[in-house]
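Data first, discussion second: the structure below is written as structure tokens.
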Amino acid sequence: MVDRSIMSSSRPIFYGLVFFVFSYLSSTQAQDVVGCGGFVQSEVDINYSLIQMKLFTKQGIIKSQTECAPNNGYFLIPLYDKGTFVLKIEPPVGWSFDPNSVELNIDGTTDKCSKGEDINFIFTGFTLSGKVISKGRDLGPSGVEISLQETSGDKERKTVTAEGGFFSFARVLPGKYLVKASHASWTFENAEREVLVESGNVDVIDKMTVSGYDVKGHVLSDGEPIQDVGFLLFSKSVSQKNLPGCEEIPADVIEMIKKKTEIDTPLCRVKSGVDGLFLFPSIPSGEYTLVPYYQGELITFDVVPSKLTFSVNYKSVVLKTPFQVHGFSVTGQILTAEGQGIGDVSVSAGEDFIATTTAEGVYVLNNVTAGGYTIQANKEHYFFNPLKVQVTPNTPRLPAITPTAFHLCGRLKFDEFPPGVNQLKGRKMILQTEGASIATRSMSTSVDGNGDFCFKVPPGVHTIQPVITTQEVSAGLALTPKEQAVTVASSPVLGVTFSQFRATVTGIVKCIGGSCSGVSVSLQSISNPNLPKAEVQVTGTSFIFKDVFPGKYKASVLEESWCWENSSLDIQVSEADVTDLQFVQSGFILKCILSHDITLFFSLDSRKETVDSFDLPKGTKTFCLKEPGVYNLMPRSCHQFEQEVFIYNTSAPSVLTLTAIKHLLSGTIKTQQPTSDITVNIRSLKSKEVTTIGPLKLESKEQKDAVDLNSSKPEELKTGACIQLYTLGKLCKPLNRGFVLFRRGEEFEVTPVSSELLFYPASRVVTISDDCPAAWAEFEGRKGVFIEGRVSPALSGVQIVITSGGEKPTTEITVETDNDGKYRVGPLHGGIEYSLAASKAGFILSPVADKKGDFQALKLGQIDIVENGTMVFANLGPGQYFFRPMLKEYTFTPASQMIDVGEGSTVQLHVKGKRVAFSCFGQISSLNGEPEKAIAIEAVGLESCESFQEETLSDHEGKYRLRGLQPGCMYRVRVKTGDSNPHIERASPSFIDIQVSGSDLQK
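In the numbering used here, the protein residues as written are 819 to 1821.
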């Protein structure tokens, strides 16, 4: 069996063909060969010849290996057996690929190799490595963050150093990079390096150096932190004095320390903070001695231990054992926020410490020892938070205390409660503090039996509001003002007052003719039903209501036979009198019952001319006539009514009923250019009767006889249709003066017809409704389109397939080019995207980019492979191809070949094969002589050939063939047991040893 493949290296599409030659020795059948191939791919230039592709069995035995094509990384490995294999890529050390191996389950049908699919390995980069060292050392610390960033991009990768300071980055592509070392607590020298990655792995030669590590500790006195304790650093191994974050030791302090203890080279000092912590931010590796030194304003304190020795190696240093300081009246002040003293404030710090402030707010606590205290200040109408302090020799003066809150007080005053309201004691007051947090922004309190209240508030602007419930507001209860804003600065505020409010409501009435005799106005509470309705007569033109409780009211003018601009007004009585109410008569009422929407024209019988019109929707409607008298009422719409004119007299009011009996059908047609032969067929779906309208005419701007539906007279509603024609996107007025009127519920099919246009849609079915118009049909007329083109050079018999797109079902039209290579199809519907495809055997046909419908023809070439016969690879496009013959047990000359194929050319290549390995044939049967199929057989090399192994499966006749046995080797052939053949316990014989010489064997 022979497997030969050809692929193109000049384009992303590869042309390949595999053919099979079957041969038989005795009764053994050959097996199919499978080619597993693909590409080693890289976006940068790499040497593909350094890469090996190897195929292993699942036990790790090499089945086959090959090199990659040097120009494009292509590889192809023949596989003669089915089963599970692993395809691995073996590049130089440090090169990375994705993936680095692929498991293959060869079944002859569904796997990638059997299906001829490429298995690709993508180059992801080289390895970049380096080391961070400590200053003065050969090694460095772990935990240093190393970043790798392209100098020309934003992408950044990070890692941390391992023990000894080593680090590495895999998958680094060629380019210029910036390598940078960093740590949250350590300082560096030479923390950045520029590195160039070209064609291999890179080791950063210039080392990055940690110049210093942080050293921390803390100092206490009776468990409390102490500030400003000095810590002096000395060393025998390090002489660097200008350490970052560390000040020079004064000479007098060095002399004082020398008197007490033996010291090394002085370096620098730091002091403890308020939390008792001290920090040397950057100390080089070495051995050090630390000496504490603490001197107050009047005394120097002892610090234990007096000195401490420590080492700095490859990490931060935390001195776990704290330094201890071993061993007073304190004063304080009570102040306002502005800094003014508050006198007569009682101050306590426990039972043993009590004092009262002077006029300046000063107090003194005597005989205090170091420790924690809670100080509490008290004064009427003032509020203070307790102050917790730690008293140490560092704190002879305590922090000032200021009031956190004051009293804000006032009173509610009521004259008379409205019906349903009688509560005073316990009423709620709400206070809002400007700028306060959500938790403290709002608070409430209750008034006592006298209406008095108080709030505890911080300094600031506060808004006080009495709580009036919705029921009380509806009942008419109100206070003035509604709220008060009070500023509390540095003292309490008292005497805020709220009082009850009632109002006066006045207004005027304007009547046609000036006389309002007999007209009344009522005032009804909306919010409090317990309040009685008030009613007053209009005096002249004005009216007045007194002592009105606040709330919502409805004021109404009482004359129902007249029209009013507003017959009632909703008013809100809040904090002021209402003086602007006004009722104006607008006419006399007419009530109608309409079956459809209409425009109703009307005129006084005494004048005849039209007075006015109303646009009225269907239903029961009431409208107003401005003058008294007898009116003629005329309905106008796209409906026909029982009467043309209705009579109404304002002196004898009645209800008019207008019912439509027929309805209008209309529509429009839009075209891109004038067309003279458009007609419209209207077919009744019930009677099948057809009415034809047209040909329709295009309107010009000079025409004056267009029909207006709102003004046409009933006698103009004749047989015909109202068709509006759109030209160039502009609406034409209806030219046909006839109308088609039908009864509600009738159905019609409307179809436009023209010899020049296609209509969208082709027809519409409409149903007569109560709308105006009762039915509407819109169409768009478009010119038909043609599709044409040609094939260059001229080529007849090319099949052109035209496929329509869009939402409708796809249609397909097929034509062939003529002797000149031309074709033409049409007319077709416009507004649809059409796809074109061209094909002819032996040619590649490509669309011309700048002219849709035209195609460029390219004749294909072929390759003839000669080897005891000829194998032809036809229909090949111009380009470069990679040829490699494959047959297990054979080698070929040439082993591979790059072939250039020109347009329409034929290339011939001669190939010779030489046998280098052999096969073993046999048959497997059961005890009753029946052949056993699908039995796994293996041949394992013995002695010096232990690394060789082959396996196969028996066919349906029980026959098997083991390929690729190396000459000169001894093999043991046996039936596999276990998972490979779960139903086989043993075979007889259990194995056969064979010696391979120069021919195939049969066992």
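Note that the Cβ used here is the ideal one computed from N, Cα and C, for glycine as well.
Close beta carbons around residue i, own chain, < 7 Å, minus the five adjacent residues each side
| i | result |
| --- | --- |
| residue 1390 | 1370 |
| residue 1086 | 1051, 1059, 1061, 1064, 1065, 1066, 1067 |
| residue 1173 | 1165, 1181, 1182, 1183 |
| residue 1596 | 1485, 1486 |
| residue 993 | 968, 1015 |
| residue 1824 | The structure shown does not extend to residue 1824, since the chain spans only 819 to 1821, so no value can be given for it. |
Residue i to residue j span [Cα, whole Å]
| i | j | result |
| --- | --- | --- |
| residue 1643 | residue 1633 | 8 Å |
| residue 933 | residue 996 | 46 Å |
| residue 1806 | residue 917 | 44 Å |
| residue 1402 | residue 1366 | 24 Å |
| residue 1505 | residue 1567 | 12 Å |
| residue 1588 | residue 1480 | 9 Å |
| residue 1652 | residue 1620 | 6 Å |
| residue 1697 | residue 1725 | 12 Å |
| residue 1199 | residue 1310 | 6 Å |
| residue 1082 | residue 1175 | 54 Å |
| residue 1827 | residue 1729 | The shown model of the chain, from 819 to 1821, leaves out residue 1827, and the question about it has no answer. |
| residue 1197 | residue 1325 | 57 Å |
| residue 1775 | residue 927 | 21 Å |
Proximity test, residue i beta-carbon vs the ligand ADP heavy atom, cut-off 7 Å
| i | result |
| --- | --- |
| residue 1642 | Within the structure as shown, the ligand ADP is missing, as the structure has no ligands at all. |
Those residues which DSSP pairs with residue i across a bridge
| i | result |
| --- | --- |
| residue 1066 | Beta-bridge pairing links residue 1066 to no other residue. |
| residue 1633 | 1618 |
| residue 1610 | 1674 |
| residue 1656 | 1618 |
| residue 1457 | 1481 |
| residue 1048 | 1089, 1111 |
| residue 958 | 982 |
| residue 1382 | 1403 |
| residue 1247 | 1263, 1284 |
| residue 938 | Its beta-bridge partners do not exist; DSSP assigns none. |
| residue 1321 | 1366 |
| residue 1802 | Answer is none; residue 1802 lacks a bridge partner. |
| residue 964 | 977, 999 |
| residue 1303 | 1281 |
| residue 1779 | 1739 |
Outcome for residue i when other beta-carbon atoms lying within 10 angstroms are tallied against a minimum of 16
| i | result |
| --- | --- |
| residue 1001 | buried |
| residue 1706 | buried |
| residue 861 | exposed |
| residue 1010 | exposed |
| residue 1409 | exposed |
| residue 1768 | buried |
| residue 1074 | exposed |
| residue 803 | Since the first residue shown for the chain is 819 and the last is 1821, residue 803 is missing from the structure and cannot be characterised. |
| residue 1745 | exposed |
| residue 1215 | exposed |
| residue 1812 | buried |
| residue 896 | buried |
Proximity test, Cβ basis, 8 Å: residue i and chain D
| i | result |
| --- | --- |
| residue 1819 | In the structure shown, chain D does not exist; there is a single protein chain. |
Close beta carbons around residue i, own chain, < 6 Å, minus the five adjacent residues each side
| i | result |
| --- | --- |
| residue 1283 | 1248, 1301 |
| residue 1476 | 1412, 1453, 1459 |
| residue 1265 | 1230, 1245, 1271 |
| residue 919 | 904, 906 |
| residue 1043 | 1093, 1094 |
| residue 1190 | 1208 |
| residue 1608 | 1639, 1640, 1672 |
| residue 1293 | 1236, 1238, 1239, 1346 |
| residue 1635 | 1609, 1614, 1616, 1641 |
Anticipated Cβ contact below 8 Å, residue i with residue j, distance rounded
| i | j | result |
| --- | --- | --- |
| residue 950 | residue 1028 | 6 Å |
| residue 915 | residue 942 | 6 Å |
| residue 880 | residue 872 | 6 Å |
| residue 1340 | residue 1374 | 5 Å |
| residue 1407 | residue 1455 | The pair is not a contact, with the Cβ atoms about 23 Å apart (cut-off 8 Å). |
Own chain residues within Cβ distance below 8 Å of residue i, not counting five before or after
| i | result |
| --- | --- |
| residue 867 | 885, 886, 888 |
| residue 1267 | 1242, 1243 |
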